[in-house]
Structures are given as structure tokens and as C-alpha cells.
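In what follows, a single structure is set out as C-alpha cells and then discussed.
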Amino acid sequence: MNSSRYTAISVFNFFKKFLPANGTRFYKSKHDTTIDLASFNASSKRRKDVKACYPILCDFINRAFGADGDFVCKDVSDWPDKSLIAEWQSLEEEPTFTSEYSSGGSSSESSGARRLLSSLATYRVRDEHGKECCTPWAEAGLSSGSASTQNAARNGFSHIMEAVDVRLDADAWMFDSEGRLPATECAREIRGQVCDYVAEIMQQQHREFLFTVSIYRTKAYLMHWDRVGTVISEPIDLATEPEQLFKFFFCLRKATDAQHGLDCTATAIVEDSDNHPSVAAMKEALAALPDDARIKPYIAKAFGGDLWPYYELEVPDRVSPSTSHTFLVRNLSTRTTSPSPTGRGTKGYIAFDLEKKKFCFLKDAWRADADGVHPEIEVYKRFEGLATPIAGIATVSCGGDMHNAIGSRRIARQETKAQAWFPGYAPRIHTRIVLNEVGIPLRDYEHSFELCCVVYDAFCAHDDAWSIAKVLHRDISDGNIVIYVNHEHPHKRPRGLLIDWDVCKFEHELSRDPSQKNPVGTWRFMSAALLRFPLKPNEVADDIESFYHLLMLYALRFHRHGKTLEELKAILESTYDISKYHAGYWLGGITKYEYMETAHLPCRPAGQFGSLLASLAALIQKHYQKLDKELAMYAVPQADLEPTSPDPFQSSDMNTMKRSTNKSKAPPRRHRIAASTVITSPEAIPVERTLTTHEQFSALLWGALYDDDEIDKWDVNDKLPYDQLR
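Its first residue numbered 1, the sequence shown is counted upward by one per residue in UniProt numbering.
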């Protein structure tokens with residue numbers, strides 16, 4: 001997370017702005033606020049020395065909570081979260097996090113396990129009514145490896161209330177006189193680890209904000225994290241004023257879940273969940289699905305296992321937002337590979353509608369409350385207002401902005417607070433939307449013919465959204481196209497749905513100057529022109545090019561092309577992931593741009609899929625030949641560009657499928673062109689900006705998929721059973 005997302009305030013103001021004021025008043029004279037700091041003064045990176053501080057801090061914090069408090073502090077430094085252990089084992093590797101919100105340093109210096117282990121964590125032991133809680137993090141036989149083992153507990157991201165990070169080697173949080181944080185490699189690494197840890201808590205839990213404490217030797221920093229940024233207290237000197245840290249935990253000892261930052265519209269089902277009525281209803285509906293329904297294994301996975309708790313989530317009604325509908329969710333169905341504490345924080349779930357007794361898809365995110373940023377629910381309303389519905393766009397069940405105490409007289413919208421200290425950033429508002437259709441991830445296509453058919457469906461939806469509704473998507477990526485199979489009509493072929501319209505723009509907004517310096521979209525799939533010229537406004541051609549990059553990246557990952565693993569990794573890094581930071585702008589590498597100018601293919605799979613990619617590349621080449629001169633006005637001064645870490649932000653039968661498509665229909669009239677729609681050489685395309693409209697790109701796709709002379713050229717066995725980039 002870059003330094004513009006951190007700010008410092010006084011300890012007094014931190015308490016005033018963020019801590020609950022309705023609890024028992026704190027009097028220093030009534031409490032033992034002493035702390036033995038002998039172990040805290042060592043300059044050491046050895047875990048043994050750092051861990052010597054843990055039992056002292058646990059004792060100190062638990063004294064603040066008191067015997068009648070509802071929370072306890074535990075040492076979680078040796079026991080990773082079980083859900084992440086299972087995930088790492090399934091991937092046969094440990095994750096590393098190298099997003100722009102992390103340290104920016106070498107992730108090889110610390111394993112995924114070490115990055116996602118805090119020092120201490122607080123947990124709830126009694127609910128708000130004084131009843132003892134389920135404590136899945138408290139396992140018998142755990143040892144902390146420190147002087148005392150009585151405080152050892154499992155690191156449980158789904159249950160942590162606050163996290164405490166302890167360091168003896170470097171101070172990562174002291175602002176200098178110009179408001180800058182330390183830029184040493186060690187300091188950046190520490191901040192990156194804390195960011196990754198906070199992001200994981202926010203991803204697994206349903207939260208509005210999170211408190212953490214970072215301790216460097218005898219200094220303690222209180223932190224408030226939300227989706228805009230991090231507000232940090234000035235350092236507390238534990239040698240002279242330990243009562244300030246004591247007071248922080250004392251104020252939280254009887255605090256409600258909402259005062260700890262938890263979302264009160266999300267209710268966890270922790271105890272005896274298998275016998276809960278909502279869970280029983282979901283299992284009955286799952287069992288009723290046909291065994292051969294292609295979506296069934298995905299639904300079973302979404303609700304399976306025992307590592308994440310079930311939640312009942314409230315979602316506002318579309319017509320009457322003061323009322324809500326309740327949905328059951330469990331495991332994340334869509335999970336970002338580079339989670340961040342700030343930004344949209346998008347999470348996707350296969351959900352169960354407890355009223356309709358049907359499965360659906362629930363999206364949870366934090367939208368920016370700014371001019372030109374459209375709530376996704378409003379974009380869907382725009383589509384629904386058209387005279388003819390757009391095929392390839394999902395339908396909405398309910399959704400809207402989230403409010404606390406839905407249905408009561410006192411309603412408060414869930415929004416961030418940190419923007420008060422970050423004038424350059426808009427507030428973010430918590431929103432949920434439920435789609436009626438449950439999609440299969442695009443990566444699980446069965447062969448290249450299905451992949452291209454599904455992408456063509458999404459492309460047509462994109463075309464109609466632009467030409468009819470005047471809406472440009474701006475984030476074409478593999479995560480935003482899903483395969484939809486209607487199990488009630490198994491004879492129909494899988495269709496493609498284009499989803500996630502939360503960064504779209506309307507046509508009249510595109511000519512405005514870019515409002516942000518970081519490009520909008522998913523980096524790997526963005527057009528080469530946008531990545532090289534970030535001052536250039538988005539246009540339809542950029543989205544069209546993204547469809548090509550999507551197909552090419554899947555060709556690299558899942559199809560035979562003769563490239564070695566080392567060559568594939570080099571292509572990915574040099575073409576799709578490389579980034580440079582200059583003059584306040586993120587820029588992509590030159591290789592991707594040169595490939596667009598020359599129609600060079602990073603790889604060419606055999607057969608019709610490879611021929612289609614070559615044809616599309618030739619079309620894009622002609623577009624760039626005309627575009628090149630126009631881009632000069634959008635150039636950023638090219639000097640001292642330094643590379644940075646990658647990603648700066650960021651079973652159907654073949655014959656049945658072929659014959660059950662809309663093959664008998666001609667392509668839509670606006671897609672017809674006089675030139676051949678099958679395999680097109682660069683010389684055959686007129687010199688013009690060929691991506692200004694969807695016509696020529698669409699015609700190439702349609703011709704390769706549905707032309708009588710081309711349809712039988714597709715290979716049913718061309719997809720590999722594994723990802724070559726994993």
C-alpha cells in the first residue's frame with residue numbers, strides 16, 4: 001500500500017474518532033498498567049527474541065480486558081490458519097503476495113506462511129449478551145514456543161477481532177517531518193506483511209473496518225484500516241505512558257461487534273451449523289439438483305468443508321431498500337490473487353436464497369462515492385429499461401447500498417471514515433448485489449470451441465451494451481466472463497455472461513480527462529495503448545482488444561504450443577505483467593505494444609484456435625497502424641522508467657454443442673462486412689481503425705465458430721488438463 005494511503009493523527013484524536021465512548025470510563029489509578037519492557041529494547045531479527053515479548057504483551061492486554069471482559073489476547077505466531085493451509089496444499093505451493101498494496105520488496109525473503117502470521121490476536125470469548133462463544137481457534141496441545149505456552153492459539157482469520165504485530169528490527173510506521181514513512185527495505189517489507197495480513201482478515205470476514213496495533217520496541221501505534229486508507233496514531237511511548245495502550249484495549253473490552261468493525265448485516269453461524277435451519281434448507285436444495293448438472297460441483301464446493309463459517313447476509317430489496325432479503329453463503333467463489341486492504345474489496349459467493357430456496361450469485365464490494373462512478377445496480381436498471389433485453393447480461397434479484405439496522409428507525413449507511421484524512425480519495429460505500437444466474441468460472445471451459453463461443457456471447461453483450469445502452473464495460477477479463485449452463489434446460493448449449501459492471505462509463509463520460517492516474521481494469525488484459533499512454537481516454541477499441549488478450553492468455557495457459565515453462569513465465573512477465581512507474585503514472589511495457597503493432601503471437605496453438613488468434617492479431621495490427629500517430633498527444637515524458645514488480649494493482653459433447661448453437665442464423669447485420677470472415681491476412685484488411693466498432697472483430701469470431709466451412713475444424717481434445725503457468 002503506497003504511502004499516500006497512510007496518515008497520522010494524535011492518540012487523543014484516535015480515541016475520539018474511533019473508539020466507543022459509551023463504555024465504562026477508564027481511570028488509570030484503578031488499574032495495573034505497568035509493563036516489563038526489558039525484552040523490548042533488543043535490536044534483533046531473531047524470532048526467539050521477538051517471541052520473548054509475546055507473553056508479556058498477552059498478560060498486559062488481558063489485564064486491560066479484565067476477567068469480566070468479552071475478549072482474550074492470544075499468541076498466534078506459530079499456528080497458521082487452517083483454511084490457508086488447505087489452500088496451499090491444493091495449489092501445491094505457498095502463496096506470495098506482490099500487489100502494489102504490499103511491500104514492493106522481494107517476497108522470496110518470507111514464505112507465504114510467514115507473511116500471514118501475526119504476532120498476537122484478540123478473540124471474542126463471550127457474545128454481547130454475556131454468553132460463552134464457540135472458540136474454534138482454541139485447540140488443545142498447541143505450543144507457542146515462547147516462555148509461556150498458555151497463550152498459544154490457532155491463527156483464525158475468520159474469528160480475529162484485532163491483530164498485534166511486534167517488531168524489534170525496524171520501525172516501519174514513524175512519519176518524518178514531510179509526512180513520509182521509512183523507505184528502507186526492511187520497513188517496506190514489514191508494512192507489506194501487515195497489509196497482507198489485514199487484507200486476508202478483511203477478505204475472510206465481513207467488516208466495515210479493522211483495528212490493529214503495531215509495536216516497535218517500546219513504541220506502539222494504533223491503527224484504523226478501512227477501504228480508503230489507514231489512520232495511524234502518533235507513537236505511544238510504553239516506557240512513559242503504557243496506560244494509553246492499556247486504555248485502547250480497555251475501551252474494547254465490552255464493545256459490540258459493530259464497534260470492533262464487524263458488519264452487523266452479516267450473521268455468522270458458528271455453533272452446531274449442520275443442524276441450523278438455513279443450512280438444512282440449502283443442503284436439501286443441493287441434493288435436489290440433477291447429478292449431471294454441470295454447476296452442482298461448484299455449488300457443493302461453495303458450501304463444503306468446515307474451515308470457513310456459514311454466514312447469513314442481508315441484501316436490500318430493489319424497490320424498498322428499507323427491507324432486506326437473506327442469503328446463506330460460506331466459501332468465497334471468486335477470490336482475488338492479490339488482496340488489498342483498500343479499494344473495492346470485491347468478493348463473490350455462490351449463495352442460497354432463503355426465501356426462494358434457489359441458488360444465486362452474491363457480489364459484495366465497496367464502491368467509490370464519486371462523480372462518474374455508477375452503482376452497479378443502477379447500471380443493471382439501465383439495461384432493464386431497454387425495449388429489448390440484452391442477451392449475455394445477467395439478471396438482478398436484489399441489491400443496493402448496505403445500511404446498519406435495516407428496518408429500524410435509525411439507519412446509517414455503511415461507508416468508510418478514513419476519507420476525512422485523505423482529501424484526494426472518495427468515500428467508499430458498502431454494496432451488495434444478487435444475480436439470478438450462477439456461472440461457472442471461464443477457466444473451466446472444456447475446449448477452445450466452448451471458450452470462444454462463450455467469449456463471443458460476452459462480446460455480443462458488450463456490443464449491445466455499447467451500441468444500444470451506451471455503456472462501456474472497461475474491465476474485460478477472465479474473471480468477468482462466466483459460463484452459464486441452465487440445468488433446467490440441459491439441451492441448450494452453455495452461454496457466456498458478461499458480469500461486473502462496477503467500473504463502467506457511459507458514452508458521454510469517456511471524453512473527459514482521466515480522473516485517476518492508475519489505469520482502470522485488470523492489468524494483464526488491458527489494451528497495449530492504454531498501458532503505454534495512460535492519459536488516453538478509454539474507448540471501445542480498448543475493450544475489444546482485451547477480448548483478444550483474454551483468449552491469448554488462455555492459449556498460453558491451457559493449450560499446446562511448444563513453449564517451455566521458462567519461456568511461458570518470461571512471456572507473462574515481459575508482455576503482460578511488467579509495469580513501470582513514472583511521473584505519477586503506471587505504464588505497461590513496450591513488448592505488448594510492439595506485438596499489437598506487428599501482429600506477433602506470443603504463442604500459436606494448433607488448429608482453428610491458433611488460426612483465429614492470428615486473424616484477430618492481424619485485425620488489431622491494422623488498428624494500431626492507424627492509431628500510432630494519434631497517440632502522441634497522450635504520451636507521458638519517457639525518462640528514467642524503472643521496472644517494478646509485476647501486476648501493479650493488481651462437459652458438453654462437442655458435436656452436440658456445435659449443432660445446438662445459433663449457427664443457422666446469419667451474424668447480426670451490424671457485424672456483416674464484405675471481406676472474408678474466416679482467416680484474414682493483414683493485407684486483406686483495409687487500413688483504418690478497425691476496432692472503432694465491434695463489426696470486424698465480431699465477424700472474425702462468428703465466421704470461425706459458425707461458418708459451415710470452419711465449424712468442423714475445431715478440436716474437442718485441445719485443452720490440457722492442467723494450467724501450464726502453475
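Cβ atoms here follow ideal geometry from the backbone N, Cα and C, with glycine treated the same way.
Keep in mind that this is a model prediction, so the values were computed, not measured.
| message | Just to confirm before moving on: does the CB-CB distance between P427 and V228 stay below 8 angstroms? | response | Note that the C-beta distance between P427 and V228 is below 8 angstroms.
| In its own chain, which residues sit with a C-beta less than 7 angstroms from the C-beta of E200, not counting the 5 before and 5 after it? | So the list reads L116, F157, P339, once near-sequence residues are dropped.
| task | Determine, using beta carbons only, whether F506 and H559 come nearer to each other than 8 angstroms. | result | Against a cut-off of 8 angstroms, the Cβ pair of H559 and F506 comes out as no contact.
| said: Taking only three categories from DSSP, how would you classify C360? | reply: Here C360 sits in strand by DSSP.
| Are there three or more Cβ pairs, one per stretch, closer than 8 angstroms when the region 228-244 is compared with the region 202-219? | A contact exists between the region 228-244 and the region 202-219.
| said: If distances are taken between C-alpha atoms only, which option among F246, A258, F249, L328 comes closest to A281? | reply: Here the closest residue by C-alpha is L328.
| query | For the putative contact between C360 and D371, defined by C-beta atoms under 8 angstroms, what is the C-beta separation to the nearest angstrom? | reply | Not really, about 31 angstroms apart at Cβ, beyond 8 angstroms.
| Inter-stretch contact at 8 angstroms, needing at least 3 Cβ pairs: the region 190-197 / the region 376-384 | Because the criterion of three Cβ pairs below 8 angstroms is not met, the region 190-197 and the region 376-384 do not touch.
| Around the Cβ of M633, are there at least 16 other Cβ atoms within 10 angstroms (buried) or fewer (exposed)? | Under this definition M633 is an exposed residue.
| request: With DSSP collapsed to three states, give me the class of D196. | output: In this structure, D196 counts as helix in the three-state DSSP scheme.
| field | DSSP-derived helix/strand/coil call for P316 | value | In the three-state scheme derived from DSSP, where H, G and I count as helix and E and B as strand, P316 is classed as strand.
| said: Using a Cβ-Cβ cutoff of less than 8 angstroms, which residues in the same chain neighbour A461 once the five nearest sequence positions on both sides are dropped? | reply: Apart from sequence neighbours up to five positions away, the residues of its chain that approach A461 with a beta-carbon distance below 8 angstroms are I390, A391, G392, I393, G496, L497, L498, ordered along the chain.
| Pairing CB atoms from the region 154-170 with CB atoms from the region 76-88, are three or more of them under 8 angstroms? | These segments touch.
| query | Does the region 248-262 come close enough to the region 446-460 that 3 or more CB-CB pairs lie under 8 angstroms? | reply | Judged by Cβ distances under 8 angstroms, the region 446-460 makes no contact with the region 248-262, as fewer than three pairs qualify.
| task | Could you give the DSSP three-state label for T598: helix, strand or coil? | result | Annotated three-state conformation of T598 is helix, per DSSP.
| said: Can you list, in chain order, the residues of its chain with a C-beta nearer than 6 angstroms to that of E243? Leave out the 5 residues immediately preceding and following it. | reply: Shown here for E243: same chain residues with a beta carbon closer than 6 angstroms to its own, the five before and five after excluded, namely K28, T33 in chain order.
| field | Of the listed residues V485, N486, Y456, S467, nearest to residue 728 (C-alpha basis) | value | The structure shown has nothing for residue 728, since the chain only spans 1 to 726.
| query | Between F525 and T135, what straight-line distance do the alpha-carbon atoms span, to the nearest angstrom? | reply | In a straight line, the C-alpha of F525 is about 43 angstroms away from that of T135.
| query | CB-CB under 7 angstroms to I440, same chain, minus the five flanking residues each way: which ones, in chain order? | reply | Residues of the same chain with a CB within less than 7 angstroms of the CB of I440, apart from the 5 flanking positions on each side, are R294, I295, Y298, V482, I483, V485 in chain order.
| DSSP three-state call for G584: helix, strand or coil? | DSSP places G584 in coil when its eight states are reduced to three.
| Helix, strand or coil: which one does DSSP assign to K495? | First, the amino acid is wrong: residue 495 is Arg here, not Lys. It is a strand residue.
| field | Inter-stretch contact (C-beta, 8 angstroms, three-pair minimum) for the region 543-562 and the region 600-619 | value | Result yes; three or more Cβ-Cβ pairs closer than 8 angstroms.
| field | For C73, three-class secondary structure by DSSP | value | Three-state DSSP puts C73 in a strand.
| message | Checking 8 angstroms against the spacing of the C-beta atoms, do V231 and L57 come in under that value? | response | No, they are not a contact pair.
| task | Quick one: which unbroken beta strand (DSSP E) runs of 3-plus residues sit fully inside the region 120-176? Chain order, please. | result | Considered as a whole, the region 120-176 harbours 120-124, 162-167 as its complete beta strand (DSSP E) runs of no fewer than 3 residues, in chain order.
| message | Using 8 angstroms as the threshold, is the C-beta distance between E594 and Q621 below it? | response | In terms of Cβ geometry, E594 and Q621 do not form a close pair [threshold 8 angstroms].
| said: For a quick check, are the C-beta atoms of P605 and D444 less than 8 angstroms apart? | reply: Cβ distance not < 8 angstroms, so P605 and D444 don't count as in contact.
| Where does T591 fall in DSSP's three states? | Here T591 sits in helix by DSSP.
| query | Between the region 194-211 and the region 257-276, do at least 3 Cβ pairs fall closer than 8 angstroms? | reply | These segments touch.
| Between the C-alpha atoms of Y548 and I411, what's the straight-line distance to the nearest angstrom? | Whole-angstrom Cα-Cα distance: 46 angstroms.
| field | Proximity test, Cβ basis, 8 angstroms: W308 and chain B | value | Among the chains of the structure shown, chain B does not appear; only one protein chain is present.
| query | Okay, do the region 39-46 and the region 115-132 touch, 3+ Cβ pairs below 8 angstroms being the bar? | reply | The region 39-46 makes no contact with the region 115-132, as fewer than three CB pairs between them are under 8 angstroms.
| field | Backbone CA spacing between F246 and C195 [nearest angstrom] | value | Annotation: F246 to C195 spans about 24 angstroms, alpha carbon to alpha carbon.
| Smallest Cα separation from E437: which of L612, A266, A351? | Distances from the CA of E437 to each of L612, A266, A351 were compared; the closest alpha carbon is that of A351.
| Going by alpha carbons, who is nearest to L252 out of I269, R124, D176, V270? | Nearest in C-alpha terms to L252, of all of I269, R124, D176, V270, is R124.
| said: Between which two residues does the beta strand (DSSP E) holding D353 run? | reply: From DSSP, the beta strand (DSSP E) with D353 extends over 347-353.
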